[in-house]
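Trainee: I have a structure I would like to understand better, so I am pasting it below and will then ask my questions one at a time.
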Amino acid sequence: MTAMVWGWVTDFFTYETTKSVVVKSWSVGIINRIVQVFIIAYFVGWVFIHEKAYQVFDTGIESSVMTKVKGFGYHQNHLMDVADYVFPQQGAAVFCIMTKLIITENQFQGKCGENGEKYSCKTDDDCEQHIGSILTNGRITGLCLHGGNESEGQCEVEGWCPVENDTIVIEPMFDAENFTIFIKNSIRFPLFNITRGNFPSSMTSEEIKKCKYNPETNPFCPIFRVGDILKYTGQNVAGLATKGGEIGINIEWKCNLDLDIEYCVPKYSFTRLDAPFAKNAVSKGFNFRFAKYFKMQNGTEYRTLHKAFAIRFDVMVTGKAGKFDTIPTLINLVAAFTSIGLGTVLCDIILLNFLKGAEQYKAKKFEEVSEAQIEAQIEAQIEAQIDASLAPSPSSQMSIKEVMKSSCDSGAHSLATADQPV
Amino acid sequence: MTAMVWGWVTDFFTYETTKSVVVKSWSVGIINRIVQVFIIAYFVGWVFIHEKAYQVFDTGIESSVMTKVKGFGYHQNHLMDVADYVFPQQGAAVFCIMTKLIITENQFQGKCGENGEKYSCKTDDDCEQHIGSILTNGRITGLCLHGGNESEGQCEVEGWCPVENDTIVIEPMFDAENFTIFIKNSIRFPLFNITRGNFPSSMTSEEIKKCKYNPETNPFCPIFRVGDILKYTGQNVAGLATKGGEIGINIEWKCNLDLDIEYCVPKYSFTRLDAPFAKNAVSKGFNFRFAKYFKMQNGTEYRTLHKAFAIRFDVMVTGKAGKFDTIPTLINLVAAFTSIGLGTVLCDIILLNFLKGAEQYKAKKFEEVSEAQIEAQIEAQIEAQIDASLAPSPSSQMSIKEVMKSSCDSGAHSLATADQPV
Amino acid sequence: MTAMVWGWVTDFFTYETTKSVVVKSWSVGIINRIVQVFIIAYFVGWVFIHEKAYQVFDTGIESSVMTKVKGFGYHQNHLMDVADYVFPQQGAAVFCIMTKLIITENQFQGKCGENGEKYSCKTDDDCEQHIGSILTNGRITGLCLHGGNESEGQCEVEGWCPVENDTIVIEPMFDAENFTIFIKNSIRFPLFNITRGNFPSSMTSEEIKKCKYNPETNPFCPIFRVGDILKYTGQNVAGLATKGGEIGINIEWKCNLDLDIEYCVPKYSFTRLDAPFAKNAVSKGFNFRFAKYFKMQNGTEYRTLHKAFAIRFDVMVTGKAGKFDTIPTLINLVAAFTSIGLGTVLCDIILLNFLKGAEQYKAKKFEEVSEAQIEAQIEAQIEAQIDASLAPSPSSQMSIKEVMKSSCDSGAHSLATADQPV
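Residue numbers (the numbering used here), protein chains in the order written: chain A, 6 to 427; chain B, 6 to 427; chain C, 6 to 427.
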């Protein structure tokens, strides 16, 4: 029993390594090393240095954006300040700067004629076709309203009257160009618990108040001039202020946390968000409607409707942080090592097929064993065993042992022994 | 010196390949190939074709959503338009369509009786228990207000008076069913710098204005009828309009950028967002309060409080784009090749344990070398060296060389030589 | 032809396994097993159990947040309720609780003197330097306004008059401490199509109404006291209520979907979002301006400007769900197995360099074959073939066969045969 355990322990603490054939050939040797150098260069240069495969990445960024617009603009003889032209007012990541307002004052609930040639009519029949339309300023009743004795009238709508006339031409607030946007962005990479702000802590309050963002000279200043932003996106203020538009301000955090945290800085870029829709002639620009509500002394509610053409800014934050981690490192290292090994596949093909003496190399590399051989060997062994059991002389026992032993040593040798005794 | 360098160079440009045993056996040969076919099929079919393991993926989508609602609805003898019932008005990704308003007009700061049976009282003691409650319409003062000589009164609250009575039954605005929502969504995959819009650029302005989204017949139309959306989520308008609710509009971008970019299209789906809370009897529906502020001629501010029951729409955009990349391809290819190699583990087990002639196969595969053998060999070598140094005859030097040489060639052979000279 | 196909089939269904050297040495055997145990322990313990490398992860969470604030607060003799102090009112994920309002009533469009010592002047020249400033309350006209005969005046601004004086000291609404925030968060992992809500479905309506969130005693209660949140972030109400601030409420979903879905629960944490900017003395706190618009009976519009200091809450949801998947499991398993194999690299170095008998082990492991040997062998073969063709006796044919055969068996042996016939 103890002997068995001991044998098992002895068997366990062995070390198994592959038997290799070392080919001392210049041609295949050089090919081998060149292939290995290429593989190593690829892994070191591209996978590890360029793609940083030794890092684990966090893309699930937590971000908070606060914005503040400053500036004054004239619009229809009014001087508008932030409380007038920014919507929503609380400084959100998505905000609009209104640049043109079509104002329809003193609207009361009631019935009146719709605007526009499309809704001109002679009889009620002309209007009935519009019933149910949602492109009007109110619900079409189906009646045709005639002012006085005129034959030409306008279809009647029910709703807030008088209806809006949004075809009038209004000078937009071009001053918007000089407005400034202050962006405060604080982010966190939850995986690494790293928190960063979008301007360096070394910047003083004075510096921040005075600076203007410029991609070359002042890339970390958090104050952006609207005109500059539009310029970066290739837009002109005149077009955007008139029709409205959507501008994306991308803040990109690409951080290598293996370096000093101070290198983890934002990168700003600016895009026109409605660019994918440029080819469609639909819904150009950006506008929305809102109303201010007032009350008559008698309690009747009325409103002022605003159709606001605005430049909408979307501050979008994306981030990716990488930090050394053992798991991707290990997996990629293993992949690298194994890939080096795969180089032998190529070399084997060359060695065993195209090189002079390929047959000889094959003979060196492969050791063949067929079922027939094994069976012959088994038979020989059994015979020897029978001989041994019939004539238990010390010499014959020796021979069995020898056969057994040599079969453990090297099959090639033992087979040769079995076939043709030396 | 030059010889040494030359030797080093010669040693370097060698090629090392494993020595293999080729087993010509039908049984294990067939098993081997079947296992390999399975492994290859798995990698080709599942890992590479189905899971696209040759691609690198970008899930950090940048998205901008603009919405616009259209339609008219009657509510309490008012015809409401977009400026009245959509909140916030600027066309955000999260917006509410108010379907029922409980309006409390002409609230002034002051003191008055709270609403509801819970706050009916006979003495001040009845009210003191409510002090500090935040479920009331104002701050409980602890007094009991008796109207005239009645014994039954209501607890007094301080705040905006008169207080809201939200138990009254109001017909909701069922017209909301026919409202339409226009969604403009532009996305960008920052990793690949790909920008896409949610309707194809081949769609004309006319087509877009007329179409209605339908998952089968019109899956790319960006205009959604509210009633349809509710139907897709299995809700009815009546319920949602009365109590409010939250609806998620998911836009899913799943793009294979190895194909033409035109195949990178959105997929819409609709869910009821408060579904996980269906089992709790709490906070069913969706409502919020807002106020419109007015001023008396004498400057006193008063307000109209609105408790708005609304259908909230959350446009949520998720995306994943994949594109061929060498790193995942390589790592997965290496994994695939290595996995094929792992098939030999199974075959080895069969070959070396369950096959007829397993012992013989073992003998072929494994070459044993024990410390005892090595030591014996070393001793033999040392002896030979001593012999050689004692009697420096050409023949004995030859024999050392031979021993050295054969020991370099094949251990099996050299050992055999050492044990029993041929 | 059939024979060729048969031969090809026979060759195909073979099994190739590496020939191994089994070293029966205690030292290297023990090292081998220890290295293997370490590698296995690393993979099982760290890669598989701790890092869950057998799972596929979804971080592209879809989230919808609804909030509702409750509570009453006194501010400047007004009792403010939710409709007064929460902005925006619809219960968004980012909302502000106003804690201090600087109210400037009855502003009309016009011209008036700017506030503050900085804008005091004696002549128009003093004011011209301020032209174009965006830090004022209106557009500087460049004139110096003198009240009566005073020599000291204020620069004139154009805009809403009278201008705001935000230097006055106002008691903030400390009651904000006792407000409660109800957060309803429903998430979805699109990859697994799993939907979860932030409070367990077993919680009754009564329980939810009464509970208060506490990280230890009540971690799943969705109702948060503002004072508690501020305490968790290490802030005091007094500071935040006076200057405003930004608080992040992080809801983290870390779900192991291999376990029961009930273990997929949210974890709340609270941070001060402007912490990264603590070192800069700029833009401390959080404030924004908004206006309420009124109309005179004659139709003139005027407004009340509010500078609101507010505590802004950002509910940020992050999530990561993992579920067993064959691809990462397989790739990591292969990596694990291959890594175990890499242990032999270390053992080989020890065995072939530092162990007693290293040269002998080398001899066992490596079989050398040089171009010279191969060439010699080819020549011998050709000679034999020529001999055979010249004298086609059965015995010589036998010898060729033998050479061919043994060269297929074991190169070492055959070479020995070729060099020095036994």
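The beta-carbon is built from N, C-alpha and C at its ideal position, and this holds for glycine as well.
These numbers were taken from a predicted model, which means no experiment stands behind them.
Strictly below 9 Å CB to CB, what residues from chain D border Glu211 of chain A?
Mentor: Here chain D cannot be found, since the structure's protein chains are A, B and C.
Trainee: From the DSSP output, read off the bridge partner residues of His135 of chain C.
Mentor: Beta-bridge pairing links His135 of chain C to no other residue.
Trainee: Does the contact criterion of 3 or more C-beta pairs under 8 Å hold for the region 336-356 of chain C versus the region 46-59 of chain C?
Mentor: yes
Trainee: Nearest CA to the CA of Thr247 of chain A: which residue from A:Leu106, A:Leu84, A:Leu347?
Mentor: The candidate whose alpha carbon is nearest that of Thr247 of chain A is A:Leu106.
Trainee: Helix, strand or coil for Cys166 of chain B per DSSP?
Mentor: Residue state, collapsed to three classes: strand.
Trainee: For the structure I just gave you, are there three or more beta carbon pairs, one from the region 61-71 of chain B and one from the region 345-357 of chain C, closer than 8 Å?
Mentor: No, because fewer than three Cβ pairs between the region 61-71 of chain B and the region 345-357 of chain C fall closer than 8 Å, the two stretches do not touch.
Trainee: So, are the CB atoms of Ser25 of chain A and Phe371 of chain C less than 8 Å apart?
Mentor: yes
Trainee: Comparing alpha-carbon positions, which option in B:Glu133, B:Asn203, B:Phe184 lies nearest Tyr90 of chain B?
Mentor: B:Phe184
Trainee: When DSSP labels each residue in this structure, what does Ile354 of chain A get in the three-state scheme?
Mentor: helix
Trainee: Near Gly290 of chain C, what residues of its chain come up, given a Cβ to Cβ distance below 7 Å and the 5 sequence neighbours on each side ignored?
Mentor: Lys248, Gly249, Gly250, Phe314
Trainee: Taking Ser210 of chain C as the reference, which of C:Ile228, C:Phe293, C:Glu221, C:Tyr47 has the closest Cα?
Mentor: C:Ile228
Trainee: Give a yes or no on whether 8 Å exceeds the smallest Cβ distance from Ala97 of chain B to chain A.
Mentor: yes
Trainee: With a cut-off of 8 Å, do at least 3 Cβ pairs link the region 354-369 of chain C to the region 361-368 of chain B?
Mentor: No: fewer than three Cβ pairs fall under 8 Å.
Trainee: So for Asn111 of chain A, helix, strand or coil by DSSP?
Mentor: strand
Trainee: Quick one, which residues of the region 167-198 of chain B are near chain C if we go by CB-CB under 7 Å, in chain order?
Mentor: none
Trainee: Starting from the beta carbon of Thr64 of chain A, find every residue of chain C whose beta carbon is closer than 8 Å, and list them in chain order.
Mentor: Thr64
Trainee: So, is the C-beta of Val52 of chain C closer than 8 Å to a C-beta in chain A?
Mentor: yes
Trainee: Tell me the residue span of the beta strand (DSSP E) that contains Tyr273 of chain C.
Mentor: Taken as a continuous stretch (DSSP letters only), the beta strand (DSSP E) holding Tyr273 of chain C covers 271-277.
Trainee: Grouping DSSP H, G and I as helix and E and B as strand, with all else coil, what is His55 of chain A?
Mentor: helix
Trainee: Which chain A residues are close to Glu21 of chain B, counting only those with a beta carbon under 9 Å from its beta carbon?
Mentor: Ser25, Val26, Val27, Val28, Asn37, Thr349
Trainee: Are there 16 or more other CB atoms within 10 angstroms of the CB of Gln382 of chain A, so buried, or fewer, so exposed?
Mentor: By the beta-carbon neighbour count (other beta carbons within 10 angstroms, threshold 16), Gln382 of chain A is buried.
Trainee: Compare the C-alpha of Val168 of chain C against each of C:Phe18, C:Arg308, C:Val42, C:Ala385 and name the closest.
Mentor: C:Arg308
Trainee: Pairs of beta-carbons, one from the region 31-45 of chain B and one from the region 7-26 of chain C, closer than 8 Å: are there three or more?
Mentor: yes
Trainee: Taking the alpha helix (DSSP H) that Lys248 of chain B belongs to, which residues open and close that run?
Mentor: 242-248
Trainee: Does the separation of the CB atoms of Glu163 of chain C and Thr146 of chain C fall below 8 Å?
Mentor: yes
Trainee: Cys101 of chain C and Arg294 of chain C - do their beta-carbons sit closer together than 8 Å?
Mentor: no
Trainee: Are Cys160 of chain B and Gly115 of chain B close, meaning C-beta to C-beta below 8 Å?
Mentor: no
Trainee: Applying a beta-carbon distance threshold of less than 7 Å, which residues of chain C neighbour Phe113 of chain A?
Mentor: Simply none; closest approach about 13 Å.
Trainee: If you draw a straight line from the C-alpha of Ile136 of chain B to the C-alpha of Phe77 of chain C, how long is it?
Mentor: 12 Å
Trainee: Assuming Phe204 of chain B and Lys73 of chain B are in contact, meaning their beta carbons sit under 8 Å apart, how far apart are those beta carbons, in whole angstroms?
Mentor: Their Cβ separation, rounded to whole angstroms, is 14 Å, which puts Phe204 of chain B and Lys73 of chain B out of contact at 8 Å.
Trainee: Using the Cα positions of Val28 of chain C and Glu373 of chain C, report the straight-line distance between them to the nearest angstrom.
Mentor: 19 Å
Trainee: Determine the extent of the alpha helix (DSSP H) in which Gln378 of chain B is found, giving its start and end residues.
Mentor: 376-395
Trainee: Taking the alpha carbon of Ala98 of chain B as the reference point, which residue from B:Thr7, B:Ser69, B:Gln112 has its own alpha carbon closest?
Mentor: Of the candidates B:Thr7, B:Ser69, B:Gln112, B:Ser69 places its Cα closest to the Cα of Ala98 of chain B.
Trainee: At which residues does the alpha helix (DSSP H) containing Glu9 of chain B begin and terminate?
Mentor: As written in the sequence, residue 9 of chain B is Met, which differs from the Glu given in the question. Segment 7-17, the alpha helix (DSSP H) holding Met9 of chain B.
Trainee: Evaluate Pro281 of chain B with the Cβ neighbour count: other Cβ atoms within 10 Å of its Cβ, from every protein chain shown; 16 or more gives buried, anything less gives exposed.
Mentor: Counting the other Cβ atoms within 10 Å of the Cβ of Pro281 of chain B gives 16 or more, which makes it buried.
Trainee: For the beta strand (DSSP E) containing Lys312 of chain A, list its first residue and its last residue.
Mentor: Note, Lys312 of chain A: beta strand (DSSP E), 306-329.
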